[in-house]
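Everything below concerns the one structure shown next.
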């Protein structure tokens, strides 16, 4: 977003000098903040007071990743809830916040520090203790059996962290590893939401992120589940998925964080630097498509937004007795009878991940 | 270190790393596996039936040359009982098409297949050289794509053939899937991965036997079989646009070689998820602009993305204004939205008919080729009597073609 020429005026309020270029419209900082707030809160309409029955107390789960998108979402919703508390002395819903430490990417110490900083600034919400990715084996009761479909068997008495390390080490490609991590993370977050009796998971995904997810699904052979991946409403996991930031681009969220006087985003990781790997072979499909969306999104933002709209129009195959559900990722598995890959119950995408998994039968682990 | 042994026969030295799955195999096994996979595609999709006459769209390039060679081999080996004919389109591009047609003529002799050549000047009165001289390089691929598509059908009809096979490979199909997703074109997304497309209004169906074959493997097959093919790209196709779907697909292929087939599979799955009212035009492929190899893919990508971006921006601005106007009637908004969606869906449906001028299949009163032709003819100068004579010849050709179509239809 470029800083404008002196003299031109914000097109919304016609008063303050326009300092931002938002989708070919010149806005001042105040109107831009209002623009972002309205886009997000419009998507939260189904959680208004008037949809509440009597003393009903809704609980919504909001996982944060430390990135811009989830923190901006948290900050916008926090402002809404604080306003409700001032006006009515109660809120339409309660937020349950959680953070997961991902393996090999971040350390617990730095995550804890940032998490506590956010927590101390937002006393209104319920912050759960930090989670690790391997907690999925503790909270998701079906996960062990699911992984056997990928050819990964858990050893007797094997610890969660050790098992996770072995599972991820079995992946022979960066893409399969990234795919597996995202599946495990999603299942962990859903398990936490259910455990906390939350009726929905609020994802901070921007339009750019959803477009990258949709294209990555297509590139990984998961085209049949694209509409399930990005749809608002009841998910295949039995809990609602909502994407309140789906109408905003990533760069708009970043601008919001810069323009705000008191952003939650502090010293965020250099996401741009991390996204330029030296060798394309060491990149995962998800990262390649994230870079593609960022690169093309600058020139053709409307086209990238169009990807999400198009994918949203595809029908979601309802999980009933006609459609099989993949035991690993939970998405509907469309069967093509000719394909030899369909001898298993896995969807095509997970069958492809399985091809990139070579389990190690190290007896050293079992002996501990 | 011992030389790598073929993973299939375990006897010969491995000479090929299969692009599709990184399998290390020998030359003979590669040829066998490639042919077996094409055969499996043909049989499982029931592309041919005994006694059928099939026209191979032949450009002289690697895809159509490999297609012709493989089909001849499989037809003899498995006794499909199919009568194969080569059908070529001469766009009239000096230094490019005339050389590639020489290749097709040699192929016709090598494979002992009849060859039919249909020219743009013969059908439309214009060669691509003349079109480019008129409209410039930018956008000329639109004319060529529309003309070629119709010319193939006309050539097949002229021969009394109702089945045309093209050399579209897995890379082409994957690129089409990605492009249609980026363009938001659900009807085309619904049919982009169909291996056999046909129309209720036309007798000529199309199929892609190489749909699951990788472009790299096609090149390898041609190399190991020492096939004779022409490899120059179209001279009127501008520089590739960075960031096009083709570039994206090549990057994905580097990361995971199976990505191309994964995208094709995703396209098939998404096709089954397209809402029925949008998918009702699945069988109508006549107006689709399937991209042919090497002829303007990149240019069309570049143009269409710029144009599409402007359209979407304008749409969004209009939607914003609309939302503001509707603000007082917030409660009524959802139903209004629903009505609009219904309206949009109706617009998408296509009703096939016949062009008023040439009798060819079209969803409009006048087909696209005739519309483009009209535009070209309006700008044509009448400085000499000779030019006038050319024009008469052109229109006479059109009338002859129309008469031919009428006869074949009756």
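Protein chains in written order, with UniProt numbering: chain A, 1 to 368; chain B, 1 to 410.
By construction, the Cβ of each residue, glycine as well, lies at the ideal position given by its N, Cα and C atoms.
Going by C-alpha to C-alpha distance, which of A/258, A/307 and A/101 sits closest to residue 30 of chain A?
A/258
Taking Cβ-Cβ distances below 9 Å as the criterion, which residues of the stretch 293 to 310 of chain A are in contact with chain B?
295, 296, 299, 300, 301, 302, 303, 304, 305, 306, 307, 309 and 310
Under 7 Å between the Cβ atoms of residue 259 of chain B and residue 252 of chain B?
Yes, these two residues count as a Cβ contact at 7 Å.
Contact defined as beta carbons within less than 8 Å: I believe residue 285 of chain A pairs with residue 150 of chain A. What is the distance between those atoms, to the nearest angstrom?
Not a contact, Cβ separation roughly 18 Å.
Between B/197, B/234, B/192 and B/315, which lies nearest to residue 266 of chain B when the distance is taken from Cα to Cα?
B/192
Sheet register partners of residue 80 of chain B (DSSP bridge):
Paired residues: none, contrary to the question.
Does residue 26 of chain A come out as helix, strand or coil in the three-state DSSP assignment?
strand
Tell me the rounded alpha-carbon separation between residue 189 of chain A and residue 245 of chain B.
So the alpha carbons of these two residues sit roughly 34 Å apart.
Just the chain B side, please: which residues come within less than 8 Å of residue 315 of chain A by C-beta, in chain order?
273, 274 and 275
Using a Cβ distance threshold of 8 Å, determine whether the stretch 151 to 169 of chain A contacts the stretch 88 to 96 of chain A, with at least three qualifying pairs required.
no
In the DSSP assignment, find the alpha helix (DSSP H) that holds residue 217 of chain B and state where it starts and stops.
Run containing residue 217 of chain B: 215 to 224, per the alpha helix (DSSP H) assignment.
Proximal residues to residue 172 of chain A (C-beta, below 6 Å), its chain only, five neighbours per side dropped
356 and 358
Give a yes or no on whether the minimum CB-CB distance between residue 175 of chain B and chain A is below 7 Å.
Judged by the 7 Å Cβ criterion, residue 175 of chain B is not in contact with chain A.
Between residue 219 of chain A and chain B, is any beta-carbon pair separated by less than 7 Å?
yes
Residues that residue 227 of chain A contacts on chain B, provided the C-beta gap is smaller than 9 Å
Per Cβ cutoff of 9 Å: 270 and 273.
Can you have a look at residue 124 of chain A and say buried or exposed, based on whether 16 or more other CB atoms are within 10 angstroms of its CB?
exposed
At a CB distance below 8 Å, what residues from the stretch 24 to 49 of chain A approach chain B? Give them in sequence order.
24
Within the stretch 47 to 108 of chain A, ranges of the beta strand (DSSP E) (whole runs, at least 3 residues)
58 to 64 and 93 to 101
Exposed or buried, what is residue 240 of chain A when buried is set at 16 or more other beta-carbons lying within 10 Å of its beta-carbon?
With 16 or more Cβ atoms within 10 Å of its Cβ, residue 240 of chain A is classed as buried.
Checking contacts by CB at 7 Å: is residue 18 of chain B closer than that to chain A?
no
Contact set between residue 106 of chain B and chain A, taken where Cβ atoms lie within less than 9 Å
Going along chain A, no residue has its Cβ under 9 Å from residue 106 of chain B, so there is no contact; the nearest lies around 37 Å.
May I have the straight-line CA-CA distance separating residue 327 of chain A from residue 61 of chain A, to the nearest angstrom?
For residue 327 of chain A and residue 61 of chain A, the distance between alpha carbons rounds to 24 Å.
Out of A/103, A/199 and A/8, which one is the CA nearest neighbour of residue 237 of chain A?
Each of A/103, A/199 and A/8 was checked against the Cα of residue 237 of chain A, and the nearest Cα belongs to A/199.
Please name the residue in B/100, B/308 and B/96 whose C-alpha comes closest to that of residue 59 of chain B.
B/100
Quick check on residue 11 of chain B: does DSSP put it in helix, strand or coil?
coil
Just the C-alpha distance for residue 145 of chain A and residue 254 of chain A, rounded to the nearest angstrom, thanks.
40 Å
Using a Cβ-Cβ cut-off of less than 7 Å, list which residues of the stretch 254 to 265 of chain B approach chain A; keep chain order.
254, 255, 256, 258, 259, 262, 263 and 265
Going by C-alpha distance, which of B/220, B/86, B/134 and B/205 is nearest residue 29 of chain B?
B/220
I need the DSSP call for residue 235 of chain B, collapsed to helix, strand or coil.
coil
For residue 34 of chain A and residue 244 of chain A, the rounded distance between their alpha carbons:
15 Å
Through-space distance from residue 260 of chain A to residue 120 of chain A, alpha-carbon basis:
19 Å
Residue 29 of chain B, DSSP secondary structure in three states:
helix
Does the separation of the CB atoms of residue 160 of chain A and residue 137 of chain A fall below 7 Å?
Yes, the pair counts as a contact, with Cβ atoms nearer than the cut-off.
Give me the residue from A/305, A/183, A/63 and A/77 with the minimum Cα distance to residue 248 of chain A.
For the options A/305, A/183, A/63 and A/77, the alpha carbon positioned closest to that of residue 248 of chain A is the one of A/305.
Would you say residue 313 of chain B lies against chain A (beta-carbon separation less than 7 Å)?
yes
Pull up the CB-CB distance for residue 155 of chain B and residue 116 of chain B, whole angstroms please, since I reckon it's below 8 Å.
6 Å
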